[in-house]
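Under the numbering used here, the first residue of the sequence shown carries the number 11, and numbering increases by one thereafter. The next block holds one structure in the form of structure tokens; read it before the comments.
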Amino acid sequence: MNKQPILTALLASVLFVFSGLVQAATYKEGVDYELVAQPGKVEVPGKIEVREFFWYGCPHCYSLEAAVSSWKPSLNDDVNFIMTPAAMNKSWVNHAHAFYVAQALGKLDEISPELFKAIHVKKQKVSSQKDLAEFFTQFGVDEGKFNKLFKSFSVSTKVRQARTLSSNYRLRGVPALVVNGKYLVKTKSGTSYQELLKVVDYLVEKERLASKVALHP
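Below you can see the structure in the form of structure tokens.
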């Protein structure tokens, strides 16, 4: 059986869908997104990675969370979404450690949104290791266990890796969205968070098409 006509039809249908996407959204390189100078490796090979860099103390990151929470359920199984605490300067490092402590404890989904809320809604000062240890007790975490994990090799390594990624992608601030280690979504004054996520969807589809074409050259 000659498979060539089938493959040709498949590629034609994919190109048709993508052309419709291009017509519906006029997202352009250099305007809505930029190429990463040093593309990074994805965490899960075979999946399209969307990585959000953030800092708990950033009000824009807090505002983006609501949009991301509504958007994530729409992602297909071939997309891997990752939150990464940027740790771009010294004042952000404690929050990065706290993120990975919560992750290590299996309490990230419970603690992360509440930490955002404590800082931006309740206006609480939760920045030092002591502040964070006390905050975590609300979720049944012993202060001694928190402090041990906070300084642990595994958590410290993840914080260093997050800082390295932020540097490699040449981030200028947060929130920052990187798609598949190749594209950095540009944040512009007046652009809604929903619009930023539409750019992400566009780039995800762009990568999905590229993957299909690579499989059937």
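Glycine included, every Cβ here is placed at the ideal spot set by N, Cα and C.
Please name the residue, chosen from K135, V103, T147, that lies closest to K161 on a Cα-to-Cα basis. V103
Judging by CA-CA distance, which residue of V189, S164, L194 is the nearest neighbour of E215? V189
Going by DSSP, which residues form a beta bridge with P95? F64
For N90, three-class secondary structure by DSSP: strand
What does the alpha-carbon distance come out to for the pair L85 and V136? 32 Å
From R218 to L125, what does the alpha carbon distance come to, in whole angstroms? 34 Å
How would you label Q33, buried or exposed, when you count the other beta carbons within 10 angstroms and need 16 or more for buried? With a pLDDT of 43 at Q33, under the threshold of 50, the modelled position of that residue is not reliable, and the figure given next carries that caveat. Exposed: under 16 other Cβ atoms inside 10 Å.
Should the region 52-64 be called in touch with the region 86-105, which here means at least 3 C-beta pairs below 8 Å? yes
In the DSSP assignment, find the beta strand (DSSP E) that holds V189 and state where it starts and stops. 186-189
Measure the beta-carbon distance from A47 to R173 and round it to whole angstroms, keeping in mind my assumption that it falls under 8 Å. The Cβ separation is near 17 Å, so there is no contact.
Do L142 and A108 count as a contact pair if the criterion is CB distance below 8 Å? yes
Using a 10 Å radius around the Cβ and a threshold of 16 neighbouring Cβ atoms, would you call D42 buried or exposed? buried
Per-residue DSSP class, three states only, for Y37: coil
Can you say whether K168 is buried or exposed, counting buried as having 16 or more other CB atoms within 10 angstroms of its CB? buried
Residues near L213 in its chain [Cβ-Cβ closer than 7 Å; skip 5 each side]: Y43, V189, Y193
Keeping to the same chain, check which residues put their C-beta closer than 7 Å to that of V27; ignore five residues upstream and five downstream. Residue placement at V27 cannot be trusted, given a pLDDT of 49 that sits under 50; what the coordinates show is reported in the next sentence. Cβ neighbours of V27 beyond the five flanking positions: none.
Same chain, Cβ closer than 7 Å to L31, five either side skipped, listed in chain order: Reliability fails at L31, whose pLDDT of 48 lies under 50, so the model's placement of it is uncertain and the value that follows must be treated cautiously. Once the five neighbours on either side are set aside, the close Cβ partners of L31 are Y212, E215.
Backbone CA spacing between A220 and E153 [nearest angstrom]: 48 Å
Per DSSP, what kind of secondary structure is Y43 in: helix, strand or coil? strand
Helix, strand or coil, according to DSSP, for L181 in the structure here? coil
Of the residues N178, K196, G191, which one's Cα is nearest the Cα of E53? G191
How would you write the range of the alpha helix (DSSP H) that L85 sits in, first residue to last? First-last for L85: undefined, no H or E at that position.
How big is the Cα-Cα spacing for A77 and K158? 34 Å
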